[in-house]
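Below: one structure, written as structure tokens.
In this note's numbering, the protein residues as written are 1020 to 1470.
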């Protein structure tokens, strides 16, 4: 694609990066075939190619974002299926992230949109605030129909209430920094991301990861000062807030890397993993953090990546359960992790089935199902129908957002991949399966050395 940026524009590193990305696009249109919004809406401007034209025009002109541009960029899920499909290697993720930051800086949204986005940015990344908000949403559930009828904000407020769980899990020992010690001879030492929303909604995911890693001889540390990875606000174009979250985590992990050392930084939410692996790019121009961010990105690993490198121990339980594996977009497209989770599940004794149209997003996409609930609901229905076609006993995935989204559309139990790996190798049955009547098994306690 030919570009016409001025020399002054290209002195801005973000603009120079976007100009380079734009020039790799050859207008082939392969991306349209795998874009969820184009699939649903049939509008060229709601395809990656159409959005690329809009972003090019907006950035080249240097003018504030227009309502039309904002509408179509907001409809983008950032599922990155287009990047998997693109034969030219267009790095759409970096381009759309820059466009969103540009929109945030140049466009004044309607008051109700600004208010909602402020609430999301002020609540979701903060565990205590999020826990309180979930309590409020639970109280509001009986009134969701009335709330949904409110003008301007009603549909999105109703979507928030519907996605809230029926109960909020109690706090766990993992709420505090500490080291979870390996069983037997130590083979490694890793940090694990606690994050923001996941430890409130599903604290059992990280507990399962810790048990699994401890059983494989790995010490797991939750460092002091670590928290939200910054992904939620980063994809809303709020770069300053995103970088503040990222810097806090980088500092916490570098302290461990330069102290007792880390073999990896383990992430059990693939949406977070995609962002953390991009810290090196995010801070490439920051003299104080460029080198540290690159070091962190280099050792960031999804839990399934790391366990694959350890070689999963033989399962201690036999199971004939059929698992539909849903590969989160941030896993398959964002991190190019496609075979490892399925291979591990098979090694653990499960029968694994691929989901038809597995490359199409479920509609979660961070805060997308809250900001674009109608499109998200259509994508969820499509995803659930494809999953149910495989007639599985349960669904496995590696991202909390997908689990929340899909779980609202089906009665099939949905669990995290690491919960199944933990269970098969000696851990407790996942709570979701136990609640669904799959049976019970004794739990294995964590060994915690408080710091």
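We put the beta carbon where it would ideally sit given N, CA and C, even for glycine.
With H, G and I counted as helix, E and B as strand and the rest as coil, what does DSSP make of residue i?
i            : result
residue 1361 : helix
residue 1434 : strand
residue 1373 : strand
residue 996  : Outside the modelled stretch of the chain, which goes from 1020 to 1470, sits residue 996, for which no answer is possible.
residue 1414 : strand
residue 1470 : Only weak support is given to the placement of residue 1470: the predicted model assigns it a pLDDT of 45, under 50, and the value that follows is read from those uncertain coordinates. Residue 1470: coil per DSSP, three-state reduction.
residue 1240 : strand
residue 1027 : helix
residue 1355 : coil
residue 1208 : strand
residue 1164 : helix
residue 1198 : strand
residue 1332 : coil
residue 1297 : coil
Using only the alpha-carbon positions, how far apart do residue i and residue j sit?
i            : j            : result
residue 1273 : residue 1259 : 21 Å
residue 1263 : residue 1245 : 12 Å
residue 1403 : residue 1425 : 7 Å
residue 1156 : residue 1333 : 43 Å
residue 1415 : residue 1433 : 6 Å
residue 1331 : residue 1418 : 21 Å
residue 1138 : residue 1132 : 10 Å
residue 1099 : residue 1276 : 31 Å
residue 1451 : residue 1040 : 43 Å
residue 1111 : residue 1200 : 41 Å
residue 1093 : residue 1393 : 13 Å
residue 1428 : residue 1074 : 34 Å
residue 1420 : residue 1080 : 36 Å
residue 1410 : residue 1051 : 30 Å
residue 1281 : residue 1439 : 25 Å
residue 1287 : residue 1024 : 40 Å
residue 1389 : residue 1180 : 10 Å
Given a threshold of 16 other Cβ atoms within 10 Å of its Cβ, counted over all protein chains shown, does residue i qualify as buried or as exposed?
i            : result
residue 1046 : exposed
residue 1337 : exposed
residue 1279 : exposed
residue 1048 : exposed
residue 1038 : buried
residue 1461 : Its pLDDT being 47, under 50, residue 1461 is placed unreliably in this model, and the value from its coordinates should be taken loosely. Result: exposed.
residue 1027 : exposed
residue 1371 : buried
residue 1469 : At residue 1469 the pLDDT is 45, less than 50, meaning the model places this residue with poor confidence and gives no usable figure here.
residue 1436 : buried
residue 1189 : exposed
residue 1339 : exposed
residue 1261 : buried
residue 1231 : buried
residue 1328 : exposed
residue 1152 : buried
Any chance the CB of residue i is under 7 Å from a heavy atom of the ligand MG?
i            : result
residue 1258 : Looking for the ligand MG in the displayed structure turns up nothing, as the structure carries no ligands at all.
Mind checking which residues open and close the alpha helix (DSSP H) that includes residue i?
i            : result
residue 1182 : 1173-1182
residue 1075 : 1067-1080
residue 1426 : 1419-1426
residue 1321 : Residue 1321 -> not in any alpha helix (DSSP H); beta strand (DSSP E) instead, spanning 1319-1321.
For residue i, report the span of its beta strand (DSSP E) as first-last.
i            : result
residue 1230 : Residue 1230 -> not in any beta strand (DSSP E); alpha helix (DSSP H) instead, spanning 1223-1234.
residue 1057 : Run containing residue 1057: none in the beta strand (DSSP E); it sits in the alpha helix (DSSP H), 1055-1060.
residue 1403 : Not the beta strand (DSSP E): residue 1403 falls in the alpha helix (DSSP H), residues 1392-1408.
residue 1343 : 1341-1344
Query raised in the report: Are at least three pairs of beta-carbons, each pair with one atom in the stretch 1028-1046 and one in the stretch 1111-1121, less than 8 Å apart?
Result: Contact check between the stretch 1028-1046 and the stretch 1111-1121: three or more CB pairs, one atom from each, fall below 8 Å, which counts as touching.
**Report entry** Contact between the stretch 1205-1218 and the stretch 1159-1168 (3+ Cβ pairs under 8 Å)
**Finding:** no
Query raised in the report: On the three-pair Cβ rule with 8 Å, is the stretch 1134-1148 touching the stretch 1349-1366?
Result: No, the stretch 1134-1148 is not in contact with the stretch 1349-1366.
Query raised in the report: Is the stretch 1216-1226 in contact with the stretch 1305-1321, if contact means three or more CB pairs nearer than 8 Å?
Result: Flag = no, the stretch 1216-1226 and the stretch 1305-1321 do not touch.
Query raised in the report: Contact between the stretch 1337-1355 and the stretch 1281-1291: three or more CB pairs below 8 Å?
Result: yes
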